[in-house]
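Student: Note that this note's numbering numbers the sequence shown so that position 54 is 1459, with each residue one more than the last.
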Amino acid sequence: MPVPKTRWDIFCTVVDNYGDIGVTWRLARQLVAEHALAVRLWVDDLRAFERICPEIDIHLGQQTQQGVDVRHWPSDWPQTEAADVVIAAFACQLPPAYMDAMAERQQLPLWMNLDYLSAEGWVIGCHGLPSVKYKSVQKFFFFPGFQPGTGGLLRERGLLERRRAFQADDEAQRQFLERLGIDRAPGAQLISLFAYENAGLASWLDVLAADNEPTHLLVPEGRILGDVARWLGVDSLEVGDLNVRQALTVQVLPFVRQDQYDQLLWCCDFNAVRGEDSFVRAQWAGRPMLWHIYQQDEDIHLDKLDAFLALYTKGLSPAAAEAMNGLWHAWSAGQPIGEHWLEARKHWPELQENAEQWCLEQGLQADLATALVQFYLNWI
1406 MPVPKTRWDI FCTVVDNYGD IGVTWRLARQ LVAEHALAVR LWVDDLRAFE
1456 RICPEIDIHL GQQTQQGVDV RHWPSDWPQT EAADVVIAAF ACQLPPAYMD
1506 AMAERQQLPL WMNLDYLSAE GWVIGCHGLP SVKYKSVQKF FFFPGFQPGT
1556 GGLLRERGLL ERRRAFQADD EAQRQFLERL GIDRAPGAQL ISLFAYENAG
1606 LASWLDVLAA DNEPTHLLVP EGRILGDVAR WLGVDSLEVG DLNVRQALTV
1656 QVLPFVRQDQ YDQLLWCCDF NAVRGEDSFV RAQWAGRPML WHIYQQDEDI
1706 HLDKLDAFLA LYTKGLSPAA AEAMNGLWHA WSAGQPIGEH WLEARKHWPE
1756 LQENAEQWCL EQGLQADLAT ALVQFYLNWI
């Protein structure tokens, strides 16, 4: 069913530097490119946005990027007509004047709260339910997820086909890595590391350095760099720095745009990721992975971690599943993971097969953008 020509507003407050804007930017681009919608993306922090989209001019209040009408979300809100569909990303609070504008429309808008990603079972029961009202405008819960009955995951059309073709083309991978200044260490496994600060990192690097198999560790700019520098015994690390310790080569990469980060994940044999956006993209890479989940008060993030692991490791043997659980839990707790890494390596072919199978299974579900559009069509 074709989508009526509608205007969509997506609101994003940047909380975790790149995760929030990463998700909303991907979503906005896909709604424009694949569903021909008019999308305004309101962002309160254009500097964070600039890191993943260098074309952004942080001094402009309005600009068009890749077909998306990008607006700076100012503290002094301008009078603005409300859109047909309004998405508040990650429970952000809309400007009161904009909410009044929603309520004043002759045709009330569809108002959705796009929530954080979770594999917890209760998400299925809450997805799509009505939430609070503002005057006459009803808000609805919309939950991304991994199971039928949720909103699915962000996945652009043809993404998995492009990924498989890229991974089958050694020359394309070599050229891509070369453009980032990466000359892969001979015979080395490639690992990407994008994480929050983590006291458990040193034990992992110790094991990688002492291994018989060489490792080339690619570290994009980010919060984990301080821990890497301490382990290397250097004062600081800059983009382009290359350090070798026994079997381990450590290279610092620039913060790259989203499409390049996808390809970086596709090149690597193992990906350590964090937050939400990179977490999902690592799953589409079809390679074994490690997730540094965002910590929450009273350790409620561990419930989310366990819920995902229960699904992700379901197809593994008991020994392999135990190894992955041990690795992920130690990492998220900031505990040494060296021994857990060695245990996981014993099951490497199985972990590789499971990562690809998980990716294919998730690819059978409707993607998040399509699910949002379908929700709107059902609503009207």
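Beta carbons: idealized from backbone N, C-alpha and C, even for Gly.
With which residues is H1621 paired in a DSSP beta bridge?
Tutor: The sequence position of residue 1621 within the sequence shown is 216, counting from 1. Answer is L1595 and T1654, bridged to H1621.
Student: Candidates P1549, W1746, A1488 and A1443: which alpha carbon is nearest G1472's?
Tutor: Within the sequence shown, numbered from 1, the residue matching residue 1472 stands at position 67. The shortest C-alpha separation from G1472 is found at A1443.
Student: Are the stretch 1630-1645 and the stretch 1711-1729 touching, with three or more C-beta to C-beta distances below 8 Å?
Tutor: Not touching, per the Cβ criterion.
Student: DSSP three-state label for D1667, please.
Tutor: Residue numbering aside, residue 1667 sits at position 262 when the sequence shown is read from its first letter. DSSP places D1667 in helix when its eight states are reduced to three.
Student: Report the option in V1475, S1480 and V1490 whose CA atom is closest to the CA atom of T1411.
Tutor: Counting from 1 along the sequence shown, the entry for residue 1411 is found at position 6. For the residues V1475, S1480 and V1490, the minimum Cα distance to T1411 belongs to V1490.
Student: Quick one: grab the DSSP three-state call for R1679.
Tutor: Here residue 1679 refers to the residue found at position 274 of the sequence shown. Three-state result, R1679: strand.
Student: Tell me which same chain residues have a C-beta within less than 6 Å of the C-beta of L1647, skipping the five on either side of it?
Tutor: Taking the sequence shown and counting its residues from 1, one reaches residue 1647 at position 242. Excluding sequence neighbours, L1647 sits near Q1656.
Student: Would you mind listing the beta strand (DSSP E) stretches within the stretch 1475-1557 that are 3+ residues and don't spill past its ends, in chain order?
Tutor: Taking only runs of at least 3 residues, the beta strand (DSSP E) segments lying wholly in the stretch 1475-1557 are 1490-1494, 1515-1519, 1535-1539 and 1542-1547.
Student: Do A1600 and T1620 have their C-beta atoms within less than 7 Å of each other?
Tutor: For the purposes of this step, residue 1600 is taken as the residue at position 195 of the sequence shown. For the purposes of this step, residue 1620 is taken as the residue at position 215 of the sequence shown. Contact flag unset, no.
Student: Buried or exposed: which applies to N1603, given that a residue is buried once 16 or more other Cβ atoms fall within 10 Å of its Cβ?
Tutor: Stepping through the sequence shown from its first residue, residue 1603 is reached at position 198. When all chains shown are included, N1603 counts as buried.
Student: Where does V1685 fall in DSSP's three states?
Tutor: Here the question's residue 1685 lines up with position 280 in the sequence shown. DSSP places V1685 in helix when its eight states are reduced to three.
Student: Any chance the stretch 1498-1508 sits against the stretch 1477-1490, with 3 or more Cβ pairs inside 8 Å?
Tutor: Segments in contact, yes.
Student: Looking at the strands, I want to know which residues DSSP matches up with Q1470.
Tutor: Here residue 1470 refers to the residue found at position 65 of the sequence shown. V1473, per the DSSP bridge assignment.
Student: Does DSSP put N1603 in a helix, in a strand, or in coil?
Tutor: As a working mapping, residue 1603 is identified with position 198 in the sequence shown. Coil at N1603, not helix or strand.
Student: I need the boundaries of the alpha helix (DSSP H) containing R1567, first residue and last residue.
Tutor: Along the sequence shown, one-based indexing puts residue 1567 at 162. L1564 to Q1572 is the extent of the alpha helix (DSSP H) around R1567.
Student: Of the residues D1674, L1732 and A1690, which one's Cα is nearest the Cα of H1697?
Tutor: The sequence position of residue 1697 within the sequence shown is 292, counting from 1. The candidate whose alpha carbon is nearest that of H1697 is L1732.
Student: In three-state DSSP terms, what is A1443?
Tutor: Walking along the sequence shown from the start, residue 1443 turns up at place 38. Residue state, collapsed to three classes: strand.
Student: Excluding the five sequence neighbours on either side, which residues of its own chain have a C-beta within less than 7 Å of the C-beta of S1536, listed in chain order?
Tutor: Reading the sequence shown from its first residue, position 131 is the one you call residue 1536. Around S1536: N1518, K1544, F1545 and F1546.
Student: Is DSSP giving D1414 helix, strand or coil here?
Tutor: In the sequence shown, counting from the first residue as 1, residue 1414 sits at position 9. Looking at D1414 - three-state DSSP - the assignment turns out to be strand.
Student: Which same chain residues, not among the five before or five after Y1824, have their C-beta less than 7 Å away from its C-beta?
Tutor: Within the shown structure, residues of the chain are numbered from 1406 to 1785, placing residue 1824 beyond reach of any answer.
Student: Once the 5 residues before and after Q1762 are set aside, which same chain residues still bring their CB inside 7 Å of it?
Tutor: Here the question's residue 1762 lines up with position 357 in the sequence shown. Cβ within range, chain order: G1720.
Student: Would you call the stretch 1664-1673 and the stretch 1577-1597 in contact, with 3 or more CB pairs under 8 Å?
Tutor: Yes: at least three Cβ pairs fall under 8 Å.
Student: What residue range does the beta strand (DSSP E) around G1752 cover?
Tutor: For the purposes of this step, residue 1752 is identified with residue 347 of the sequence shown, where counting begins at 1. The residue asked about is misnamed: residue 1752 is His in this sequence, not Gly. Premise fails: H1752 is in no beta strand (DSSP E) and is neither H nor E.
Student: Grab me the residues of V1764's own chain with a C-beta within less than 8 Å of its C-beta, minus the 5 sequence neighbours each way, in chain order.
Tutor: Counted from its first residue, the sequence shown places residue 1764 at position 359. Residue 1764 is actually Cys in this sequence, not Val. Answer for C1764: L1565, Q1688, W1689, A1690 and G1691, listed in chain order.
Student: Out of A1749, Q1740, A1607 and T1469, which one is the CA nearest neighbour of M1729?
Tutor: On the sequence shown, position 324 is the one that residue 1729 refers to. Closest option to M1729, Cα to Cα, is A1749.
Student: Less than 7 Å between C-beta atoms, sequence neighbours within five positions excluded: which residues of the same chain meet that for Q1770?
Tutor: Numbered from 1 along the sequence shown, position 365 holds the residue referred to as residue 1770. P1553 and G1557.
Student: Could you check where the beta strand (DSSP E) with L1695 kicks off and where it finishes?
Tutor: Here residue 1695 refers to the residue found at position 290 of the sequence shown. First-last of the beta strand (DSSP E) with L1695: M1694 to H1697.
Student: Assuming the contact rule is C-beta atoms closer than 8 Å, G1605 and W1736 should be a hit. Round their C-beta distance to whole Å, please.
Tutor: Counting from 1 along the sequence shown, the entry for residue 1605 is found at position 200. Counting from 1 along the sequence shown, the entry for residue 1736 is found at position 331. With 8 Å as the limit, G1605 and W1736 qualify as a contact, their Cβ atoms being about 6 Å apart.
Student: From M1694, S1722 and I1463, pick the residue whose C-alpha is nearest to that of P1479; which is it?
Tutor: In the sequence shown, residue 1479 corresponds to position 74, counting from 1. Considering only alpha carbons, the answer is I1463.
Student: Taking the CB atoms as reference points, tell me whether W1609 and I1742 lie closer together than 7 Å.
Tutor: Within the sequence shown, numbered from 1, the residue matching residue 1609 stands at position 204. Within the sequence shown, numbered from 1, the residue matching residue 1742 stands at position 337. Yes. Within cutoff.
Student: Taking C-beta to C-beta, are L1669 and S1597 nearer than 7 Å?
Tutor: Along the sequence shown, read from residue 1 onward, the residue named residue 1669 stands at position 264. Along the sequence shown, read from residue 1 onward, the residue named residue 1597 stands at position 192. Yes, the Cβ-Cβ distance between L1669 and S1597 is below 7 Å.
Student: Counting contacts by CB-CB distance shorter than 7 Å, is A1493 in contact with chain B?
Tutor: No chain B appears in the structure shown, which is made up of a single protein chain.
Student: Return the Cβ separation of W1430 and F1571 in integer angstroms, given the expectation that the two are a contact with Cβ distance under 8 Å.
Tutor: Numbered from its first residue, the sequence shown carries residue 1430 at position 25. Numbered from its first residue, the sequence shown carries residue 1571 at position 166. Contact doesn't hold; Cβ gap of about 22 Å is too wide.
Student: My understanding is that L1622 touches L1653, with C-beta atoms under 8 Å, so please give their C-beta distance in whole angstroms.
Tutor: Within the sequence shown, residue 1622 is the residue found at index 217, counting from 1. Within the sequence shown, residue 1653 is the residue found at index 248, counting from 1. Going by Cβ atoms, the distance from L1622 to L1653 rounds to 6 Å, so yes, they are a contact pair.
Student: Ignore the nearest five residues each way along the sequence and tell me which others in Q1767's own chain have a CB closer than 7 Å to its CB.
Tutor: What you label residue 1767 is simply residue 362 of the sequence shown in a count that begins at 1. F1551, L1558 and Q1688, listed in sequence order.
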